[in-house]
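**Q**
Numbering (this note's numbering), first residue to last: 485 to 990.
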C-alpha cells in the first residue's frame, strides 16, 4: 500500500443529544478502495459528510497529503479534489450527459454555449470512466446503472483524487453493479482513492483493499477483505453470525406445492430469459425451501412463472397445489391457489414509491376494506395499523411516503402487502437484497415465524450463507433445471460446486 493520502483522527459530531460520531479514526491511501461498512444509523454518511465539507466536526483533525486541512463547505472539499457521489444522484434529467458533466462550468465561445466542444470533452471524460455512452443522450433516457457511471465521469471532470461513493449499487441490477465494480477497479488502478460506503457484505471481497466497520457512531474494527463473513457480521451487529438465523422447524406438514418434471412454455421467447425446463421439487407446510444456482440459471423465472408475473404461457408436467392439479400462468390463478410473490425489485415492481405506506399495504387486498363497494376508513386504519405493528415498519405512520423509508423498512412493507391475503405459499426472490444485516435478521425471524404458523416458503437467493442458515432444504438449479437437493446445513463449498456445474454432464 502506498503512503496515506488522507487521515481522519478523533472525529466527533453531535446532533443535539445524539452522539453521531464518537472519536472516529479513518484513513485512505492513493489507489485504495476502502469499504466503509455499517448498518443504517451507524454514522457512515455523517463521517463522509465531514470529509466532503457538508458537516462540520465538533472535534478531530483531517490531514490531506500530510497537511492539516478543514472544509467549511462541499465547494472547499471539491477544490481539494474530494468529490462525493450521493446515493440520490445530483444529475438533471432534462439535460444531456454533456450538459450534466459541465453544469456550472459550461464551455463558451464569445459568450455563446459551445455545445460541440462540450460534447467532445464530455466524450473524453466518459471514456476515462470506462463508459461507452453518447454524450448527447438525455440523462432521462438512461438506466440507473448508466446514471451512476455518468456521476463518476462528472467527478473525474472535477479532477477528483478522492471519490466517496455512498451505496452506489442500491438501485442497480446485478449486471449494472458488475460494470460499476469494473470501473471502480480501473479508477483505483489510476491512483484515485475511493471510499465505498455500503452495508452489503457480498460487495466487500469483490472490490475492497481494506474494510472498516462502524457501529453506533464508532469504528469497531478494520479488516482485510477476505475476513470470514461471520467476523464481519459480528462487527456489524455485535452478535455472532449464527444468531441471525432462528431454529428450524421440527415438524412439517402436508405438501403445498409439488412440481415433477415441470416445464414452462412462454408465449413469446425472450433473449436472456431462462424458462423452467425440467423442475422437480416439493414445498411443505411449515417448510422453507431455498433455490440456489448461478445468476441466469432460471431461479427468478421459476418464481415469476409460478405466479404468472411478467410473462404469459403454459406449464407442462405435474403442477399440484395442496394435492390437486392446478393450472398456473397468471396472477389471478396464483392468488386463487393461495400463492403470494415478493419480487427481487421492490422499488421497481414491488412498491409504488410515491404512494403512502397504507396505500401500498392495501393494494392487494382492497376487498377487505370495501365491504359495500365503498372504502371503510375504520377498516382501512385497522388493517394498516395491524400490518405496521406485525412487521415492525418504522416509522409506524400509514401516511408516510414509501420512498422515504430505508431499504429494510421498504421490504417490510412489501411483505405486509403480499401477506395481507393470508396465502399458503410465499415465493421470495432475493428477499434481503439491499437491506442491512439487522433488517436481514428481522426478515429471517419473520419468515421462520410464518413457517411455524404453516406457511410454505420457496426462496431464491444469491447468498449461499443465507440459504444454508435459513432453509430446511436447498434445491440447486442449472440451465432451467433442478439438478440436486441438499438437506439442512449442507457445506457451503458443496453447494457452490454443484451450483457451478461440477459433475453435470455436458
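We put the CB at the ideal spot given by N, CA and C, even for glycine.
Output the boundary residues of the alpha helix (DSSP H) element that contains residue 874.
**A** 861-874 is the span of the alpha helix (DSSP H), which, as asked, contains residue 874.
**Q** Count the other CB atoms, across all protein chains shown, that sit within 10 Å of the CB of residue 779; report buried if there are 16 or more and exposed otherwise.
**A** Label assigned to residue 779: exposed.
**Q** Determine the extent of the beta strand (DSSP E) in which residue 899 is found, giving its start and end residues.
**A** Per DSSP, residue 899 belongs to no beta strand (DSSP E); it is in the alpha helix (DSSP H), 891-903.
**Q** Using only the alpha-carbon positions, how far apart do residue 608 and residue 542 sit?
**A** The alpha-carbon atoms of residue 608 and residue 542 are separated by roughly 41 Å.
**Q** Across which residues does DSSP place residue 682 in a beta bridge pair?
**A** BP columns for residue 682 point to 521.
**Q** According to DSSP, which residues form a beta bridge with residue 970?
**A** Residue 970 pairs with 958.
**Q** Please say whether residue 664 and residue 743 have beta carbons closer to each other than 8 Å?
**A** No, Cβ-Cβ distance for residue 743 and residue 664 is not below 8 Å.
**Q** What residues in its chain sit with their C-beta under 8 Å from that of residue 758, if we drop five residues either side in the sequence?
**A** Closer than 8 Å at the Cβ level, and outside the excluded window around residue 758, lie 780, 781, 782, 785, 963, 964.
**Q** Taking the Cβ atom as the reference point for each residue, do residue 509 and residue 703 lie within a distance shorter than 8 Å?
**A** Yes.
**Q** Comparing alpha-carbon positions, which option in 491, 521, 810, 677 lies nearest residue 822?
**A** Taking only the C-alpha atoms, the option nearest residue 822 is 810.
**Q** Would you kindly report the start and end of the unbroken alpha helix (DSSP H) that includes residue 601?
**A** Element bounds for residue 601: 599-612.
**Q** How would you label residue 748, buried or exposed, when you count the other beta carbons within 10 angstroms and need 16 or more for buried?
**A** Buried.
**Q** In the DSSP assignment, what are the bridge partners of residue 594?
**A** Paired residues: none, contrary to the question.
**Q** Do you know offhand how far residue 990's Cα is from residue 920's?
**A** Residue placement at residue 990 is poorly supported in this model, since its pLDDT is 42, which falls under 50; the coordinates are not used for a value here.
**Q** If you pair each beta-carbon of the stretch 713-722 with each one of the stretch 534-554, do three or more pairs fall below 8 Å?
**A** Counting Cβ pairs under 8 Å, fewer than three are found: no touch.
**Q** Given a threshold of 16 other Cβ atoms within 10 Å of its Cβ, counted over all protein chains shown, does residue 499 qualify as buried or as exposed?
**A** So residue 499 ends up on the exposed side.
**Q** Start and end of the beta strand (DSSP E) containing residue 496?
**A** Run containing residue 496: 488-499, per the beta strand (DSSP E) assignment.
**Q** I need the DSSP call for residue 768, collapsed to helix, strand or coil.
**A** Here residue 768 sits in strand by DSSP.
**Q** In this structure, what does DSSP give as the bridge partners for residue 696?
**A** Answer is 520, 706, bridged to residue 696.
**Q** Taking the continuous alpha helix (DSSP H) assigned at residue 719, which residues delimit it?
**A** From DSSP, the alpha helix (DSSP H) with residue 719 extends over 713-721.
**Q** Taking the C-alpha atoms as reference points, what is the distance between residue 492 and residue 532?
**A** Cα-Cα distance, rounded: 10 Å.
**Q** Enumerate in chain order the residues of its own chain whose CB-to-CB distance from residue 661 is below 7 Å, with the five nearest sequence positions on each side excluded.
**A** So the list reads 653, once near-sequence residues are dropped.
**Q** Give the single residue among 824, 777, 764, 807 whose Cα lies nearest to the Cα of residue 792.
**A** Here the closest residue by C-alpha is 824.
**Q** Any chance the stretch 844-855 sits against the stretch 863-871, with 3 or more Cβ pairs inside 8 Å?
**A** As far as the Cβ criterion goes, the stretch 844-855 touches the stretch 863-871, which means the pair count is three or higher.
**Q** From the DSSP secondary-structure annotation, give me the bridge partner or partners of residue 756.
**A** In DSSP, residue 756 forms no bridge with anything.
**Q** Exposed or buried, what is residue 983 when buried is set at 16 or more other beta-carbons lying within 10 Å of its beta-carbon?
**A** Buried.
**Q** DSSP three-state call for residue 689: helix, strand or coil?
**A** DSSP places residue 689 in helix when its eight states are reduced to three.
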